[in-house]
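Worksheet: one structure, shown below.
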Amino acid sequence: MPDIRPFCMPKWGIEMTEGTLAEWKLEEGSAFSRGQLLCLIETAKITNEVEAEWDGVLARVLVPAGGDAQPVGALLAVLAEPGTSAAEIDAFIAAFRPAEASAAARGGAAPAAAPAPAAQAPAPQPPVTKPLLTNRAISPEARKLAEATGLDIEPITGPGRDGRITLQDVQQALRAPAIPALHGTLAVVEEDAKVFASPLARRLAAQHGISLVGVKGSGPRGRIAKADVLALIPAPAAPAPFALVPNPPVVAPFDRVRKVVAQRLTQAKQQIPHFYLRSSARLDELLALRKTANLVLGSKATINDYLVRATALALAQHPDVNVQVHGESVHRFAHADIAIAVASPKGLVTPIVRQADRQPIAAIATATRALIDKAQAGKLAFEDMDGGTFSISNLGMFGVEEFAAIINPPQAAILAVGAAARTPCELPGGGVGFETRLALTLSVDHRAIDGAAGAAFLATLKDLLETPERLFA
Amino acid sequence: MTKMMYRDAVLSTIMEEMARDPDVVVLGEDVVGGMGTAGGPEAIGGIWSTSTGLYDRFGPTRVIDTPISESAIIGAAAGLALSGKRPVAELMFADFIGVCLDQLWNQIAKFRYMFGGKTRCPAVIRMAYGAGFNAAAQHSQSVHQILTGMPGLKVVMPATPADVKGLLRTAIRDDDPVIFLEHKALYATSGEVPDDPDFMIPFGHARLTRAGGDVTIVSTGLLLGMCEAAADRLAAEGIGCDVIDLRTTSPLDEEAILDSVEVTGRLIVVDEAPPRCGLAADLRALVAEKAFSSLKAPPLQVTPPHTPIPFARELESAYLPSIDKIEDAVRRVLAWR
Chain C
3 MPDIRPFCMP KWGIEMTEGT LAEWKLEEGS AFSRGQLLCL IETAKITNEV
53 EAEWDGVLAR VLVPAGGDAQ PVGALLAVLA EPGTSAAEID AFIAAFRPAE
103 ASAAARGGAA PAAAPAPAAQ APAPQPPVTK PLLTNRAISP EARKLAEATG
153 LDIEPITGPG RDGRITLQDV QQALRAPAIP ALHGTLAVVE EDAKVFASPL
203 ARRLAAQHGI SLVGVKGSGP RGRIAKADVL ALIPAPAAPA PFALVPNPPV
253 VAPFDRVRKV VAQRLTQAKQ QIPHFYLRSS ARLDELLALR KTANLVLGSK
303 ATINDYLVRA TALALAQHPD VNVQVHGESV HRFAHADIAI AVASPKGLVT
353 PIVRQADRQP IAAIATATRA LIDKAQAGKL AFEDMDGGTF SISNLGMFGV
403 EEFAAIINPP QAAILAVGAA ARTPCELPGG GVGFETRLAL TLSVDHRAID
453 GAAGAAFLAT LKDLLETPER LFA
Chain P
-18 MTKMMYRDAV LSTIMEEMAR DPDVVVLGED VVGGMGTAGG PEAIGGIWST
32 STGLYDRFGP TRVIDTPISE SAIIGAAAGL ALSGKRPVAE LMFADFIGVC
82 LDQLWNQIAK FRYMFGGKTR CPAVIRMAYG AGFNAAAQHS QSVHQILTGM
132 PGLKVVMPAT PADVKGLLRT AIRDDDPVIF LEHKALYATS GEVPDDPDFM
182 IPFGHARLTR AGGDVTIVST GLLLGMCEAA ADRLAAEGIG CDVIDLRTTS
232 PLDEEAILDS VEVTGRLIVV DEAPPRCGLA ADLRALVAEK AFSSLKAPPL
282 QVTPPHTPIP FARELESAYL PSIDKIEDAV RRVLAWR
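Chains as they are written, first to last, in the working numbering: chain C, 3 to 475; chain P, -18 to 318.
Right, here's the structure in full:
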């Protein structure tokens, strides 16, 4: 039989499904030699030249140049050795089946797709694999796979006689190394002469704390088997249904402090027309400055001490917020006495840092520390808590983001401070960065302070906190 | 518990059973150990020292020195057993079963079956087996694979003195013929042995000596210790091995092997007999058939090659399984891709 080969639409790349024959570089019937240009084929991406892979004759052109796109694998022409008869070409075309699925799905491009007898030999394909050159003993299937994949078989140590390589060896060599999930060792359950049980039954029994003494086994010669132990494992107890338990209150009458707090705050919330102003201040500079200041000055001022100082300075600039309400009159003060809310063992107490606008940070820190210590010890005196022109309540240490506090009469405003939080922000040059922000909520008594006045005070406070050098002025 | 050597566990069990049951009779080559020498009948003791003192205590009617003829020993044991005695016959070297194969294979193993269950043959045939003594191809073999393949015989391969005690007592009291294989290299090993005069270990009951979830290693006899050593080495790397001592190859504790492989998915059989048609091949086939779905890697065997046992020490040690070879097999099954 003469050498007749199909010339099909090639597949260049995984995405190529069809191509167009742009130009034949040979006339039908003309001879070509290996490496000679046969045709140009266009795909959606490129136009490529196709060279002959052997010496032969362009025996029949089935798809002329410039026609419709042909699926990958479609028969474009038949190549043959010189002297092949037209009848042999016809028979070859009749027997040809496109190998590529896409061509087959479209019925194939071969014009004569009549079914051919099965006896017809398939067309010899040009070899696509490199023959394996080795002296090693290797099974035929292993050789085929090694050739098709181009695997280097030399490192394989074949387990067969004389190191013969099997298909399994090649398949193993082609896979990635195994990383087995290990279970590790277990405790050996010692044998007990009184118990006749399989190793697994013994292990299961130990795991579930089941005694096998006296258990009748179903295994060979009455041995206790896995199934016998499994039958003994009690089913997990159903969770007890939910039932109500007695939940009586523990009655604790208000103590003196709580009575005062209850009475004053009820009065405040009922009688004072509160309104709330929310803002936040960038804290990064203050945090950096505090670190340096503590280092240089040797003080241990907390963020709260800086807050007291900033608030007092802002109040000094805004005396219309630094007020008390008594009946139908408003008392204005030149200096700020800042009450700080402290949780003491006896309840909420509000000791006062006097004239904080006139005290440097270090002095405020010392005064505050002393007041807090006294509060914790329950030793605050009346004069420590009497008066006050403004309050600060800070729950940031509990992670509270923000909250609104109740005004402590006769004062007319209270600042509620939340936690410092890392917050995304727009950077000066665009883009996103993070900064530390502190949530501030000012509760204001509208009888004495108007919205604009409160807002102006809050803006000053924010400004002071964000440019903290001024806190040392 | 009493600490004793493997060989003393053999001797003391025979001694106790002879004292308990007057039908127990010992016979074999040189079991008296000095008959005809100037020093008296027991001057030397049997070559394995597993019958020392028996003659002195039980006399010539129950401790019988035989001619150097394995067919005579086993033939006589068969007759004794058929006539109601409980013979404990000794083959000095298991290698010589070929000489008495008809008595073993066609007679002892078949009596109960061929006489329609109307007779029983409570014979114990003790044999010293195993390599490692530079004793060459005819005095070093492990023959259990031949005997395990013979229906009608029970085959016992104890690995510890305690197992010798429990299994030999079971063998002597058993009403069927039992082949009791003692590894020569284990005779001088010691271990704790229960003092209970009726301590018995049932046949077909494997022992789990190391527990782990990754690889199942099955072995018997001398090699068990190597398997345990390999498992201990690997445990340091977090690789857990179930080490199963079969104790008897017939009956076989199939359940212990399958239960374990169902957990680990990997099997290695370590055997001192050559690889073809042996215990290792048999157990791997069992697992391939009954636990195929659990397998994560092909079951491997660690055995000597298919050659006679070499004489030269270096060759003999290269021939035999070793801790390194077992460890390597574990790593290979774990590396299966």
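Quick reminder that beta carbons are idealized off the backbone N, C-alpha and C, glycines included. The model shown is predicted, which means the values in this text are computed figures rather than measured ones.
Query raised in the report: the stretch 215 to 231 of chain C: which residues have C-beta closer than 8 Å to a C-beta of chain P, in chain order?
Result: GLY221, PRO222, ARG223, ARG225, ALA227, LYS228
Query raised in the report: What's the C-alpha gap between LEU417/C and THR313/C?
Result: Here the question's residue 417/C lines up with position 415 in the first sequence. Here the question's residue 313/C lines up with position 311 in the first sequence. Near 9 Å, if we compare the C-alpha coordinates of THR313/C and LEU417/C.
Report task. Report the rounded CA-to-CA distance for PRO45/C versus GLU20/C, giving the unit in angstroms. Result -> Against the first sequence, residue 45/C aligns to sequence position 43. Against the first sequence, residue 20/C aligns to sequence position 18. What sits at residue 45/C in the sequence shown is Thr, not Pro. About 7 Å.
Requested in this report: Quick one: measure Cβ to Cβ for GLN326/C and GLN269/C, integer angstroms, because I've assumed they're closer than 8 Å.
Outcome: Taking the first sequence and counting its residues from 1, the one referred to as residue 326/C is at position 324. Taking the first sequence and counting its residues from 1, the one referred to as residue 269/C is at position 267. Not really, about 15 Å apart at Cβ, beyond 8 Å.
Requested in this report: Could you tell me which chain P residues have their CB closer than 9 Å to the CB of GLN38/C, listed as they occur along the chain?
Outcome: Locating residue 38/C in the first sequence gives position 36, counting from the first residue. Within chain P, no residue comes near GLN38/C; the closest Cβ sits about 46 Å away, beyond 9 Å.
Report task. List the endpoints of the continuous beta strand (DSSP E) containing PHE436/C. Result -> Reading the first sequence from its first residue, position 434 is the one you call residue 436/C. Unbroken beta strand (DSSP E) run through PHE436/C: 434 to 447.
**Report entry** ASN396/C - containing alpha helix (DSSP H), residue span
**Finding:** Along the first sequence, one-based indexing puts residue 396/C at 394. It is not in any alpha helix (DSSP H) - ASN396/C instead sits in the beta strand (DSSP E) that spans 392 to 396.
Requested in this report: Measure the beta-carbon distance from ILE374/P to LEU184/C and round it to whole angstroms, keeping in mind my assumption that it falls under 8 Å.
Outcome: Residue 374/P is absent from the structure shown; chain P starts at -18 and stops at 318.
**Report entry** Interfacial residues, the stretch 183 to 203 of chain C to chain P, with Cβ spacing under 7 Å
**Finding:** LEU184, HIS185, GLY186, THR187, LEU188, ALA189, VAL190, GLU193, ALA195, PHE198, SER200, PRO201, LEU202
Query raised in the report: Starting from HIS125/P and walking both ways along the beta strand (DSSP E), at which residues does that stretch end?
Result: For this step, residue 125/P is matched to residue 144 along the second sequence. Not the beta strand (DSSP E): HIS125/P falls in the alpha helix (DSSP H), residues 125 to 129.
Report task. Determine the direct distance from the alpha carbon of LEU239/P to that of SER275/P, and round the result to whole angstroms. Result -> Locating residue 275/P in the second sequence gives position 294, where the first residue counts as 1. Locating residue 239/P in the second sequence gives position 258, where the first residue counts as 1. Distance between the alpha carbons of SER275/P and LEU239/P: 9 Å.
**Report entry** Buried or exposed (CB count within 10 angstroms, at least 16 for buried), ASP194/C
**Finding:** Here residue 194/C refers to the residue found at position 192 when the first sequence is read from its first residue. Classification of ASP194/C: exposed, given that the 10 Å Cβ count is below 16.
Query - Interface positions of the stretch 154 to 176 of chain C facing chain P (Cβ-Cβ less than 7 Å), listed along the chain - result: GLN174
Requested in this report: State the DSSP-derived secondary structure class of CYS208/P, mapped to helix, strand or coil.
Outcome: For the purposes of this step, residue 208/P is taken as residue 227 along the second sequence, with counting starting at 1. Reduced to three states, the DSSP call for CYS208/P is helix.
Query raised in the report: In the structure shown, what three-state DSSP assignment does ILE198/P receive?
Result: For the purposes of this step, residue 198/P is taken as residue 217 along the second sequence, with counting starting at 1. Of the three classes helix, strand and coil, the one that applies to ILE198/P here is strand, per DSSP.
Query raised in the report: Per DSSP, THR229/P forms a beta bridge with which residues?
Result: Taking the second sequence and counting its residues from 1, the one referred to as residue 229/P is at position 248. Answer is VAL137/P, bridged to THR229/P.
Query raised in the report: So, do the stretch 133 to 145 of chain C and the stretch 156 to 176 of chain C have three or more beta carbon pairs nearer to each other than 8 Å?
Result: yes
Report task. Starting from ARG188/P, find everything on chain C with Cβ-Cβ shorter than 9 Å and list it in chain order. Result -> Taking the first residue of the second sequence as position 1, residue 188/P is located at position 207. Near ARG188/P (Cβ distances below 9 Å), the residues of chain C are GLU193, PRO201.
Report task. For PRO179/C, decide whether its Cβ has a neighbour in chain P, counting only Cβ atoms nearer than 9 Å. Result -> Numbered from its first residue, the first sequence carries residue 179/C at position 177. Cβ-Cβ to chain P under 9 Å: yes for PRO179/C.
Query - Close Cβ partners of GLN319/C (< 6 Å) along its chain, the five nearest in sequence each way excluded - result: By one-based count along the first sequence, residue 319/C stands at place 317. Counting only Cβ-Cβ distances below 6 Å, and skipping sequence neighbours, we find THR462.
Query raised in the report: Based on the DSSP output, what are the partners of LEU279/C in its beta bridges?
Result: Looking up residue 279/C in the first sequence gives position 277. LEU444/C, per the DSSP bridge assignment.
Query - Nearest residue (CA-CA) to ALA271/P, options ALA278/P, GLU236/P, TYR36/P, THR284/P - result: The count along the second sequence starts at 1 and reaches residue 271/P at position 290. Sequence inspection shows Lys at residue 271/P; the Ala mentioned does not correspond to that position. Taking only the C-alpha atoms, the option nearest LYS271/P is GLU236/P.
Query raised in the report: Is the distance from the Cβ of ALA203/C to the Cβ of GLY216/C below 9 Å?
Result: By 1-based counting over the first sequence, the position of residue 203/C is 201. By 1-based counting over the first sequence, the position of residue 216/C is 214. No, these two residues do not count as a Cβ contact at 9 Å.
**Report entry** beta strand (DSSP E) runs contained entirely in the stretch 24 to 60 of chain C, provided each spans 3 or more residues
**Finding:** 39 to 44, 49 to 53
Report task. State the Cα-Cα distance for the pair GLU55/C and GLY160/C, rounded to the nearest angstrom. Result -> If you number the first sequence from 1, residue 55/C lands on position 53. If you number the first sequence from 1, residue 160/C lands on position 158. The straight-line gap from Cα to Cα measures roughly 37 Å.
Query raised in the report: Is there a Cβ from chain C that is less than 9 Å from the Cβ of GLU71/P?
Result: Numbered from 1 along the second sequence, position 90 holds the residue referred to as residue 71/P. No, GLU71/P does not count as interfacial toward chain C.
Query raised in the report: In chain P, which residues lie less than 8 Å from ARG205/C when you measure between Cβ atoms?
Result: Position 203 of the first sequence, counting from 1, holds the residue named residue 205/C. Ordered by position in chain P, the residues that pass the 8 Å Cβ test against ARG205/C are LEU189, ALA192.
Query - Residue(s) in a DSSP beta bridge with MET(-15)/P - result: Position 4 of the second sequence, counted from the first residue, corresponds to residue -15/P. In the DSSP output, where bridge partners are listed per residue, MET(-15)/P has GLY172/P.
**Report entry** Identity of the residue in THR31/P, ALA90/P, ALA192/P nearest MET73/P by Cα
**Finding:** Taking the first residue of the second sequence as position 1, residue 73/P is located at position 92. Of THR31/P, ALA90/P, ALA192/P, the residue nearest in Cα terms is THR31/P.
Query raised in the report: Quick one, are the C-beta atoms of VAL476/C and GLY31/C less than 9 Å apart?
Result: Residue 476/C falls outside the range modelled here, since chain C spans only 3 to 475, and no answer is possible.
**Report entry** Of the residues ALA143/P, LEU215/P, ARG107/P, ALA293/P, the one placed nearest GLY186/C, counting alpha carbons only
**Finding:** Reading the first sequence from its first residue, position 184 is the one you call residue 186/C. Ranking ALA143/P, LEU215/P, ARG107/P, ALA293/P by Cα distance to GLY186/C puts LEU215/P first.
**Report entry** Listed by chain order, chain C residues near GLY219/P by CB distance under 7 Å
**Finding:** Translated into the one-based positions of the second sequence, residue 219/P becomes position 238. Ordered by position in chain C, the residues that pass the 7 Å Cβ test against GLY219/P are LEU184, GLY186.
Report task. Consider the Cβ of THR284/P: report whether some Cβ of chain C lies at a distance smaller than 9 Å. Result -> For this step, residue 284/P is matched to residue 303 along the second sequence. It does not: the Cβ of THR284/P has no partner Cβ on chain C nearer than 9 Å.
**Report entry** Reduced DSSP secondary structure (H/G/I, E/B, other) of SER331/C
**Finding:** For the purposes of this step, residue 331/C is identified with residue 329 of the first sequence, where counting begins at 1. Reduced to three states, the DSSP call for SER331/C is strand.
**Report entry** Through-space distance from ILE212/C to LEU206/C, alpha-carbon basis
**Finding:** Position 204 of the first sequence, counting from 1, holds the residue named residue 206/C. Position 210 of the first sequence, counting from 1, holds the residue named residue 212/C. Straight-line Cα distance between these residues: approximately 8 Å.
Query raised in the report: Does the distance from the C-beta atom of VAL5/P to that of MET(-1)/P stay below 9 Å?
Result: To locate residue 5/P, count along the second sequence from 1; it is residue 24. To locate residue -1/P, count along the second sequence from 1; it is residue 18. Yes; because the gap between Cβ atoms is below 9 Å, this pair is in contact.
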